[in-house]
Amino acid sequence: MMESHEGGDNSNGEGGKRKKNETLFSEITKDTVSKIKRHCYRSRGGNEPKLCTIHDNTSPGYQWLLPGWVAEERHMMSGRVYRYYYDRQGRQYRSQSEVVAAWEKIGVVLIDD
Numbered sequence: 001m002m003e004s005h006e007g008g009d010n011s012n013g014e015g016g017k018r019k020k021n022e023t024l025f026s027e028i029t030k031d032t033v034s035k036i037k038r039h040c041y042r043s044r045g046g047n048e049p050k051l052c053t054i055h056d057n058t059s060p061g062y063q064w065l066l067p068g069w070v071a072e073e074r075h076m077m078s079g080r081v082y083r084y085y086y087d088r089q090g091r092q093y094r095s096q097s098e099v100v101a102a103w104e105k106i107g108v109v110l111i112d113d
């Protein structure tokens, strides 16, 4: 499933246009999203507007994620897309390989087919 948010530099999300494409997230995914919402609204000094989309393991291309883990895509006006991954506690990972390394530390193995 996917949720989208368009916004600029608003830290509280007000004034941004919120568009929910599909919000049939599982309860475990909703819990993770509630922990990471602040990341999508935060700006790093620049005022470049962005579109943020949240994906879980039911989204195309993200089936490899464990239940409760989410991926965030930040689409910048320049065309650049930043991808971040979050575990169930809301910890951020900056790449798929970083996620897989974290899983390996706890004994989870990703089988890519």
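One point on numbering: in the UniProt record's numbering, the residue at position 59 of the sequence shown is 59, and numbering is uninterrupted.
Glycine residues also receive a C-beta, built at the ideal position from the N, C-alpha and C atoms.
Go to V81, then tell me how far its beta strand (DSSP E) extends in each direction, as first and last residue. As a first step, residue 81 is located in the sequence shown; it is residue number 81 there, counting from the start. Where V81 is concerned, the enclosing beta strand (DSSP E) stretches over 81-86.
Coil, strand or helix - V109 by DSSP: To locate residue 109, count along the sequence shown from 1; it is residue 109. Reduced to three states, the DSSP call for V109 is coil.
Beta-carbon contacts of G90 that lie in its chain and below 7 Å, excluding the five residues immediately before and after: Here the question's residue 90 lines up with position 90 in the sequence shown. The answer, listed in chain order, is T32, K35, I36.
Skipping 5 residues on each side, what residues in its chain have a beta carbon closer than 7 Å to that of L65? Locating residue 65 in the sequence shown gives position 65, counting from the first residue. Only D56, N57, A71 meet the Cβ criterion.
Smallest Cα separation from K50: which of F25, E98, E73, V108? Within the sequence shown, numbered from 1, the residue matching residue 50 stands at position 50. Of the candidates F25, E98, E73, V108, the one whose C-alpha sits nearest the C-alpha of K50 is E73.
How long is the line joining the alpha carbons of E22 and C52, rounded to whole angstroms? Counting from one through the sequence shown, the residue named residue 22 turns up at place 22. Counting from one through the sequence shown, the residue named residue 52 turns up at place 52. Residue placement at E22 cannot be trusted, given a pLDDT of 48 that sits under 50; what the coordinates show is reported in the next sentence. Distance from the CA atom of E22 to the CA atom of C52, rounded to whole angstroms, is 14 Å.
G79 beta carbon less than 8 Å from that of T29: The residue given as residue 29 occupies position 29 in the sequence shown. The residue given as residue 79 occupies position 79 in the sequence shown. No, they are not a contact pair.
Whose C-beta lies closer than 7 Å to the C-beta of G107 among residues of the same chain, with five residues either side of it excluded? Walking along the sequence shown from the start, residue 107 turns up at place 107. None.
Backbone secondary structure at Q96 - three-state DSSP: Reading the sequence shown from its first residue, position 96 is the one you call residue 96. If DSSP states are grouped into helix, strand and coil, Q96 belongs with the helices.
For H75 and R88, the rounded distance between their alpha carbons: If you number the sequence shown from 1, residue 88 lands on position 88. If you number the sequence shown from 1, residue 75 lands on position 75. Between the alpha carbons of R88 and H75 lies a gap of roughly 23 Å.
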